[in-house]
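Going by this note's numbering, the sequence shown opens with residue 22, and the numbers climb by one from there. Heads up, the beta-carbon is just placed ideally off N, CA and C, and yes, glycines get one too. Presented below is the structure to which this report refers.
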Amino acid sequence: MVDLVAKSPGAGPLPLTVGTLTLAEVDLGHLTSVAPYVGQEEAASTALKSAHGMAFPAPNRATGKEGARAIWFGRGMALLAGPAPDAALMTPAALTDQSDAWACVTLTGEGAEDALARLVPVDLRAVHFKRGHTVRSLIMHMNGSITRIGADSFLILVFRSMVGTLVHDLKQAMEGVAARG
């Protein structure tokens, strides 16, 4: 019988450093979609704040901090990253475990905005896209989520099956930024 071994999505090619930029896989813990039922948005936000210390995020925003974040993930939905969801969230919202569905990486370093500008049709410069801002967007030709977590740091989520493509595309963009000097 074959022994199956669990591997993280980025096992092998990550971490990757090119010039001043580093692309690294990050384990966010549990990933749970939280979708409040109709008319239960405030109750879901209250339950999230009571149980996990953060409110339900406004559109294109993230709440919380490293280890426990709520990331806006589309109309009427957030992704709780970090803790297992408290049972109190089950009354006002539908919860779905997404832990095995997403690959999570960080892009850090001077020039991170420039590298992402080569792949993302959204202005991610700090003047417009501040810490705690998030967007669902194309990253080259795949769907993903990008959240600014620091001055030169971004949290990027793509479908687990697309991590190889993400690494390839970001590596090329990182090399292009490094070549500029």
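Checklist entry - Are valine 126 and leucine 42 close, meaning C-beta to C-beta below 9 Å? => result no
Next on the checklist: Per the DSSP calculation, histidine 51 is bridged to which residue(s)?
Outcome noted: Gly103
Item to check | threonine 155 - partner residues in DSSP beta bridges | outcome: Thr168
Next on the checklist: I'd like the list of long-range same chain contacts for phenylalanine 94, defined as Cβ closer than 8 Å, with 5 residues on each side in sequence excluded.
Outcome noted: Ser54, Leu100, Arg157 and Ser166
Next on the checklist: Mapping the DSSP letters down to three states, classify glutamate 46 as helix, strand or coil.
Outcome noted: strand
Item to check | Short Cβ contact (9 Å threshold) for glycine 50 with glycine 85 | outcome: no
Item to check | Where lysine 86 falls: helix, strand or coil (DSSP) | outcome: strand
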